[in-house]
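Peer 1: Quick note, the first sequence lines up with residues 42 to 487 if you use the numbering used here.
Built from N, CA and C at the ideal position, the CB exists for glycine as well.
Computed from a predicted structure; not experimentally measured.
To start, I am sharing the structure in question, which I have written as structure tokens.
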Amino acid sequence: MTTLSFEDGTVRVDDPPPDLQLPFLEADPRSGDARAPAFRYAALRDVLDGCDEVYDDRVRSWDPLDLSTTYELRDYQREALDAWERADGRGVVELPTGAGKTVVAIAAIVSRGLPTLVVVPTVDLLNQWRRELEAEFAVEIGQFGGGQQTKRPITVSTYDSAYLRADDVGGDFGLVVFDEVHHLGGEGYRDIGRLLAAPARLGLTATFERPDGAHEVVEALVGPRVFSLAVDDLAGDHLAEYDIKRIEVSLSEAERAAYDDAQETFVDYLRTSNLDMRSGADYRKLVMRSGNDPRAREALLAKQRARRVMMNADAKLDALESILARHRDDRVIVFTAHTDLVYRLSERFLLPAITNETGTSERREILDRFREGSYSRVVTANVLDEGVDVPDANVAVVLSGSGSEREFTQRLGRILRPKSDGGRALLYELVTRETTEEDVAERRRG
DNA sequence: TTGACTCAACATCCTTTGCTACAA
DNA sequence: TTGTAGGTTTCCATGTTGAGTCA
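Right under this line is the structure:
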């Protein structure tokens, strides 16, 4: 009889039905067995079921879980869950930060009642999820990552650990939840999706689409986007209303000279080198050239100098000074693109700073103080964009940032938790006049 | 257990003028 | 004459994280 079993990130098919062409099967070069990548498991079963074939399914040996939740789903969370169920338990739910994606996942875990792997990008999120799941289900939760390797019917893992363990444990879960699922499009991480057999898959993100188009990979591995709400859909109800204020500043004379000089070097190279700078692919081409073409390298470095000048313009510091004075009684997070600027700001305005160099304990202490109110402001580069539980603020100042829509959405999300006094959140965006930063700022608005 | 270190991986990085050689 | 690809076989720099190692 035909037998399906999980083996090293694949589904092995023994004695396939002779009169039936099963899709996705390939002969294993070493053993000669017929195998399919584990994520094709559901599709294989569909084909076999569709032909009324009798087969022995040793993949699906999961013990059902008896779980319940005390959460009352909000309307949109219920709709998201229903949409996912209608898609046969495969797909991505796109909800803004703070809209309660975890709650949707917990409801999905309850409704499936199957061993579940939750995959998250950072150890910080790993701990949050574990606490949340333990509190909700009153069972021990397994953990891959952060120095632990314990498997339980419900297990939380980092993407890195999931990558390392997937071929080993990939057959042990019936449902996999990918938090911040856009990461799954990464060149290496996508293998996680391939090596797991779980037929039911739920992806969670605030920003599904990727500029490199790799959300199509995510779709293939997890399923299509089945539900989507943007910040503006929830602002006023479940998220705070907000305003965005753009403040334009000018370069000093010296900065202007440095910027123009560097920018010209860059543009000059493009003009004389037959490079159209239309897309990320063209940029990569330039990067490749710079490996052995000194002029390309010079152009690239010049572009970086220009970026630094426009992003870290002195006038932005003055603008920040007046913003901080205006919001003496508010809770303010300041974002930059460069760590050295973080430290400059920290020194000049006596702001607690968090960067990648800040150790775990110091980081926790700063965030705790920010939470309880003894600090009312904090300055950071990109650390707090994602994957960290950041206490709520009501004012964000984006001193500089990339053109990434995702980064912008995440930063905005940091101030959108509903205010107890019903007040509005405010995001300042500082942009240097007559530089490419004007376009960068446009791009990230999406 | 902790801290310091290294390493690998991921994300962003770009935006508007015009050459050359070859294919259709 | 007109239209279009060009470049190779990854990676200029910076910021960030997780895993692993070692003391």
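Tell me the DSSP bridge mates of S46?
Peer 2: For the purposes of this step, residue 46 is taken as the residue at position 5 of the first sequence. For S46, which the question treats as bridged, DSSP gives the partners R53.
Peer 1: Between A79 and T51, which are expected to be in contact by the criterion C-beta below 8 Å, what is the C-beta distance as a whole number of angstroms?
Peer 2: Stepping through the first sequence from its first residue, residue 79 is reached at position 38. Stepping through the first sequence from its first residue, residue 51 is reached at position 10. Contact holds; Cβ gap of about 6 Å.
Peer 1: Can you name, in chain order, every residue of its own chain whose Cβ lies under 6 Å from the Cβ of F512, other than the five neighbours on each side?
Peer 2: Here the chain has residues from 42 to 487 only, and residue 512 is not among them.
Peer 1: Could you tell me which residues DSSP pairs with T199 in its beta bridges?
Peer 2: Looking up residue 199 in the first sequence gives position 158. Paired residue(s): V161.
Peer 1: Looking only at DSSP bridge pairs, what is R412 linked to?
Peer 2: Here residue 412 refers to the residue found at position 371 of the first sequence. In DSSP, R412 forms no bridge with anything.
Peer 1: Name the DSSP beta bridge partners of Y469, please?
Peer 2: Position 428 of the first sequence holds residue 469. Partner(s): K286, V438.
Peer 1: Is L380 helix, strand or coil by DSSP?
Peer 2: Numbered from its first residue, the first sequence carries residue 380 at position 339. Inspection of the sequence shows that residue 380 is occupied by Thr rather than by Leu. Of the three classes helix, strand and coil, the one that applies to T380 here is helix, per DSSP.
Peer 1: By alpha-carbon positions, which one of G244, P240, D208 ends up nearest to H224?
Peer 2: Along the first sequence, one-based indexing puts residue 224 at 183. Selected option, being the one with the closest Cα: G244.
Peer 1: Measure the C-alpha to C-alpha separation of G229 and Q190 and round it to an integer number of angstroms.
Peer 2: Residue mapping note: residue 229 aligns to position 188 of the first sequence, counting from 1. Residue mapping note: residue 190 aligns to position 149 of the first sequence, counting from 1. For G229 and Q190, the distance between alpha carbons rounds to 21 Å.
Peer 1: Thinking C-beta only, is R485 closer than 8 Å to F449?
Peer 2: Locating residue 449 in the first sequence gives position 408, where the first residue counts as 1. Locating residue 485 in the first sequence gives position 444, where the first residue counts as 1. In this structure, R485 lies closer than 8 Å to F449 by Cβ.
Peer 1: May I have a chain-ordered list of the alpha helix (DSSP H) segments no shorter than 4 residues that lie completely inside the segment 273-353?
Peer 2: With a minimum length of 4 residues, the continuous alpha helix (DSSP H) runs that stay inside the segment 273-353 are 294-313, 321-331, 335-352.
Peer 1: By the three-class DSSP mapping on this structure, what secondary structure does L243 have?
Peer 2: Counting from 1 along the first sequence, the entry for residue 243 is found at position 202. Residue state, collapsed to three classes: strand.
Peer 1: Quick one: Cα of I521 to Cα of L216, how far?
Peer 2: The first residue shown for the chain is 42 and the last is 487, placing residue 521 beyond what the model contains.
Peer 1: Rounded to a whole number of angstroms, what is the C-alpha to C-alpha distance between L467 and V375?
Peer 2: Within the first sequence, the letter at position 426 stands for residue 467. Within the first sequence, the letter at position 334 stands for residue 375. So the alpha carbons of these two residues sit roughly 12 Å apart.
Peer 1: With a CB to CB cut of under 6 Å and the five nearest residues on each side skipped, what residues in its chain are close to V164?
Peer 2: Working through the first sequence from its first residue, we reach residue 164 at position 123. Cβ within range, chain order: G187.
Peer 1: Buried or exposed: which applies to T313, given that a residue is buried once 16 or more other Cβ atoms fall within 10 Å of its Cβ?
Peer 2: Here residue 313 corresponds to residue number 272 of the first sequence, with the count starting at 1. Burial call: exposed.
Peer 1: Taking all protein chains shown into account, decide if L391 is buried (16 or more other Cβ within 10 angstroms of its Cβ) or exposed.
Peer 2: Against the first sequence, residue 391 aligns to sequence position 350. It counts as exposed.
Peer 1: On the CB-based measure, 16 or more other CB atoms within 10 Å of its CB, does D208 come out buried or exposed?
Peer 2: Along the first sequence, read from residue 1 onward, the residue named residue 208 stands at position 167. So D208 counts as buried.
Peer 1: Please report how far the alpha carbon of A422 lies from the alpha carbon of N397, in whole angstroms.
Peer 2: Sequence index remark: in the first sequence, residue 422 carries index 381 (1-based). Sequence index remark: in the first sequence, residue 397 carries index 356 (1-based). Near 8 Å, if we compare the C-alpha coordinates of N397 and A422.
Peer 1: Go ahead and pull the three-state DSSP assignment for F178.
Peer 2: For the purposes of this step, residue 178 is taken as the residue at position 137 of the first sequence. Correct three-state label for F178: helix.
Peer 1: Determine the extent of the alpha helix (DSSP H) in which V145 is found, giving its start and end residues.
Peer 2: In the first sequence, counting from the first residue as 1, residue 145 sits at position 104. From DSSP, the alpha helix (DSSP H) with V145 extends over 142-153.
Peer 1: CB-CB under 7 Å to Y384, same chain, minus the five flanking residues each way: which ones, in chain order?
Peer 2: For the purposes of this step, residue 384 is taken as the residue at position 343 of the first sequence. For Y384, where only same-chain residues beyond five positions count, the Cβ hits under 7 Å are A394.
Peer 1: Quick check on the burial criterion: 16 or more other C-beta atoms within 10 angstroms. Buried or exposed for M42?
Peer 2: For the purposes of this step, residue 42 is taken as residue 1 along the first sequence, with counting starting at 1. Classification of M42: exposed, given that the 10 Å Cβ count is below 16.
Peer 1: Among the residues of its own chain, which have a CB less than 6 Å from the CB of A489, if the five just before and after it don't count?
Peer 2: Outside the shown range of the chain (42 to 487) lies residue 489, about which nothing can therefore be said.
Peer 1: Three-state secondary structure (DSSP) at Q184?
Peer 2: For the purposes of this step, residue 184 is identified with residue 143 of the first sequence, where counting begins at 1. Three-state result, Q184: strand.
Peer 1: Looking at A303: is its Cβ nearer than 8 Å to the Cβ of G130?
Peer 2: Numbered from its first residue, the first sequence carries residue 303 at position 262. Numbered from its first residue, the first sequence carries residue 130 at position 89. In this structure, G130 does not lie closer than 8 Å to A303 by Cβ.
Peer 1: Based on DSSP bridge pairs, tell me the residues matched to P78.
Peer 2: On the first sequence, residue 78 is found 37 positions in, with the first residue counted as 1. Answer by DSSP bridge pairing, in chain order: T51.
Peer 1: Would you report the Cα separation of D274 and R474, rounded to the nearest angstrom?
Peer 2: For the purposes of this step, residue 274 is identified with residue 233 of the first sequence, where counting begins at 1. For the purposes of this step, residue 474 is identified with residue 433 of the first sequence, where counting begins at 1. Approximately 32 Å, taken between the alpha carbons.
Peer 1: Assuming V133 and P265 form a contact by the criterion Cβ under 8 Å, report the distance between their Cβ atoms to the nearest whole angstrom.
Peer 2: Indexing the first sequence from 1 puts residue 133 at position 92. Indexing the first sequence from 1 puts residue 265 at position 224. 7 Å between Cβ atoms; contact.
Peer 1: Rounded to the nearest angstrom, how far is the Cβ of P59 from that of V88, given a contact under 8 Å?
Peer 2: For the purposes of this step, residue 59 is identified with residue 18 of the first sequence, where counting begins at 1. For the purposes of this step, residue 88 is identified with residue 47 of the first sequence, where counting begins at 1. Contact doesn't hold; Cβ gap of about 15 Å is too wide.
Peer 1: Can you tell me where the beta strand (DSSP E) with R131 in it begins and where it stops?
Peer 2: Taking the first sequence and counting its residues from 1, the one referred to as residue 131 is at position 90. Segment 131-135, the beta strand (DSSP E) holding R131.
Peer 1: Grouping DSSP H, G and I as helix and E and B as strand, with all else coil, what is L106?
Peer 2: Within the first sequence, residue 106 is the residue found at index 65, counting from 1. Of the three classes helix, strand and coil, the one that applies to L106 here is coil, per DSSP.
Peer 1: First and last residue of the alpha helix (DSSP H) that includes R231?
Peer 2: If you number the first sequence from 1, residue 231 lands on position 190. Per DSSP, R231 belongs to the alpha helix (DSSP H) from 231-236.
Peer 1: Kindly list the residues whose CB is nearer than 8 Å to the CB of V151, restricted to its own chain and excluding five residues on each side of it in sequence; keep chain order.
Peer 2: What you label residue 151 is simply residue 110 of the first sequence in a count that begins at 1. Within the same chain, V151 has close Cβ partners L108, S109, T110.
Peer 1: Taking 8 Å as the cut-off, decide whether the C-beta atoms of L440 and K357 are in contact.
Peer 2: The count along the first sequence starts at 1 and reaches residue 440 at position 399. The count along the first sequence starts at 1 and reaches residue 357 at position 316. Against a cut-off of 8 Å, the Cβ pair of K357 and L440 comes out as a contact.
Peer 1: Taking just the CA atoms, how far does S387 sit from L471?
Peer 2: Numbered from 1 along the first sequence, position 430 holds the residue referred to as residue 471. Numbered from 1 along the first sequence, position 346 holds the residue referred to as residue 387. In a straight line, the C-alpha of L471 is about 18 Å away from that of S387.
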